[in-house]
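Each number in the working numbering comes from the position in the sequence shown (counting from 1) with 2 added on. Every residue gets a Cβ at the ideal spot worked out from N, C-alpha and C, and that includes glycine. These numbers were taken from a predicted model, which means no experiment stands behind them.
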Amino acid sequence: MGSQGRIIALAVLLVVLPLLQVGNGEHEIDDKGGRNERRKRCDVYDGRWIYDDSYPLYSLTHCSFILNQFACQRNGRPDRLYLLVFNGVTFLCRYRNNRILFVGDSLSLNQWQSLTCMIHSATPHSEYKLEKMGSLRTFTFTEYNVSVMHLWNAFLVDIIPKRYGRVLMLNKLDTKTWEGIDVLIFDTWHHWLYTGRKQPWDFIDDGKHKYKDMNRLAAYEIGLKTWARWVDKSVDPRKTKVFFQGISPDHFKASYWGLHNGKNCNGETKPALVDLHPRRQHPAELVLERVLRSMSKPVHLLNVTRLSEQRKDGHPSVYGVGGHRGMDCTNWCLAGVPDTWNQLLYTELIGK
């Protein structure tokens with residue numbers, strides 16, 4: 003496919019609020035047996051951001067259910083260039099009577115909120131029902147009987163309270179909510195790095211030994227392998243499609259994009275229009291890809307790391323839930339970058 007053809011194709015497939023990503027190159031995909039092979043085709047995950055004045059895809063005035071931690075415009079952010087083709091009706095018709103479940107941390111919640119608002123904005127007069135029971139949020143488009151859900155599970159593996167403290171069990175999963183779902187989108191990484199008061203566990207158990215702490219990347223890989231064994235053993239690809247949200251980059255170190263006087267993403271209003279790390283993959287990204295390659299069942303990687311890495315301007319910074327008392331360079335504003343992730347998800351679901 004020539005460069006002009008790639009731009010035209012991606013103008014249809016991959017939209018990103020006033021910023022549009024245009025792609026090129028090759029893409030690794032799974033064949034039906036779960037094996038990974040490289041085919042030459044347009045890679046929607048690899049490209050550059052360009053401005054597109056026809057976006058954003060929705061207004062927060064139509065989506066009052068968007069949480070304050072992602073609602074940057076509602077919280078007073080004045081610039082709009084970070085706001086970067088999705089057909090919500092087609093999505094609902096194709097997935098009528100289906101259940102779609104996001105499982106993960108706040109970045110998974112970010113993507114879930116984006117998708118529910120994208121669909122709702124396409125059918126603003128259709129009735130919906132929003133429920134929360136414990137860690138599970140369910141957004142149901144009642145006319146189509148489509149449920150788009152989010153289950154908070156930051157590690158995918160379990161944390162179990164014991165008499166001596168909270169234990170992160172790298173070999174145990176609670177999969178009851180995952181079973182019987184039509185589309186599963188998993189995510190985990192950022193919480194594996196937490197220490198001190200933010201760390202929600204006191205010990206790590208790998209099934210053989212208990213540790214006060216261990217290398218977090220090694221623990222992450224053990225936990226992912228536990229999840230992978232469940233997918234390989236329990237998921238029927240004819241009934242359930244499985245995705246994994248790639249590693250979402252944070253932007254806490256301004257020196258990464260050459261701003262040595264800056265500290266973090268605060269005040270950033272434009273993306274980096276060059277690849278910040280053209281020759282380096284995120285260590286967790288390498289672990290995730292290694293685990294996915296080892297699996298016998300097909301899991302599609304939403305490879306959002308590199309395209310999101312350029313979006314130093316897309317975080318709430320001081321316009322999140324903590325206001326000027328906090329600094330969020332991890333989650334993303336809505337409307338914003340997760341809408342692109344959902345364009346990619348839509349392309350994979352509808353295009354295939």
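Where the alpha helix (DSSP H) through residue i begins and ends
i	result
R231	218 to 236
E133	That residue, E133, is in no alpha helix (DSSP H); its beta strand (DSSP E) goes 130 to 135.
T92	90 to 96
S310	307 to 311
Q113	108 to 124
L288	285 to 295
Span separating the alpha-carbon of residue i from that of residue j
i	j	result
R96	L290	30 Å
C74	F246	26 Å
M120	G167	42 Å
W194	Y258	22 Å
F88	Y213	47 Å
E223	L346	25 Å
S66	P251	27 Å
L86	V320	Bear in mind that a pLDDT of 42 at L86, under 50, signals an unreliable position, so the model cannot answer this.
A221	P202	15 Å
R199	R240	43 Å
R313	N268	12 Å
Y238	I68	The amino acid at residue 238 is misidentified as Tyr; the sequence shows Asp. Between D238 and I68, the C-alpha separation is close to 33 Å.
Y84	T271	Residue placement at Y84 is flagged as unreliable, the pLDDT there being 47, under the threshold of 50; the coordinate-derived value follows with that caveat. Approximately 7 Å, taken between the alpha carbons.
L109	A124	23 Å
R327	I162	32 Å
W343	G136	26 Å
Y348	W114	13 Å
V169	R282	33 Å
N217	H253	23 Å
N305	S236	24 Å
G209	A286	22 Å
L288	D215	22 Å
T242	E129	26 Å
R139	L62	19 Å
E181	D160	16 Å
N77	N70	7 Å
T228	L294	12 Å
Exposure label - residue i; buried when at least 16 CB within 10 Å
i	result
L226	buried
G90	buried
E28	Note that E28 scores a pLDDT of 40, beneath 50, so its modelled location is shaky and nothing firm can be said.
G316	buried
R165	exposed
T92	exposed
P292	Rather than Pro, the amino acid found at residue 292 in this sequence is Arg. Label assigned to R292: exposed.
G25	Since pLDDT at G25 reaches only 43, below the 50 mark, its modelled position is unreliable, and the value read off the structure follows with that caveat. Burial call: buried.
Rounded distance between the beta-carbons of residue j and residue i, thought under 8 Å
i	j	result
I352	T307	Incorrect: roughly 23 Å between the Cβ atoms, too far for contact.
M151	L94	Not a contact, Cβ separation roughly 15 Å.
S310	A230	The pair is not a contact, with the Cβ atoms about 24 Å apart (cut-off 8 Å).
T144	K134	That pair is no contact at about 17 Å.
V174	V233	Going by the sequence as given, residue 174 is Lys instead of Val. Not confirmed; about 15 Å, so no contact.
R98	Y146	5 Å
Beta-carbon proximity check, residue i vs residue j, cutoff 8 Å
i	j	result
G106	T190	yes
N155	W334	no
M171	D207	yes
P318	S116	no
G322	D330	yes
D184	N100	yes
L153	T179	yes
H122	H64	yes
E350	H284	no
N266	A256	yes
L219	F188	no
F72	L336	yes
V148	L186	no
H192	T332	yes
Run of the beta strand (DSSP E) containing residue i, from where it starts to where it stops
i	result
V159	159 to 164
N173	167 to 175
D207	205 to 207
H302	302 to 304
Q201	Taken as a continuous stretch (DSSP letters only), Q201 belongs to no beta strand (DSSP E), as it is neither H nor E.
H192	Segment: none, H192 is in no beta strand (DSSP E) and carries neither H nor E.
S149	148 to 154
K243	243 to 247
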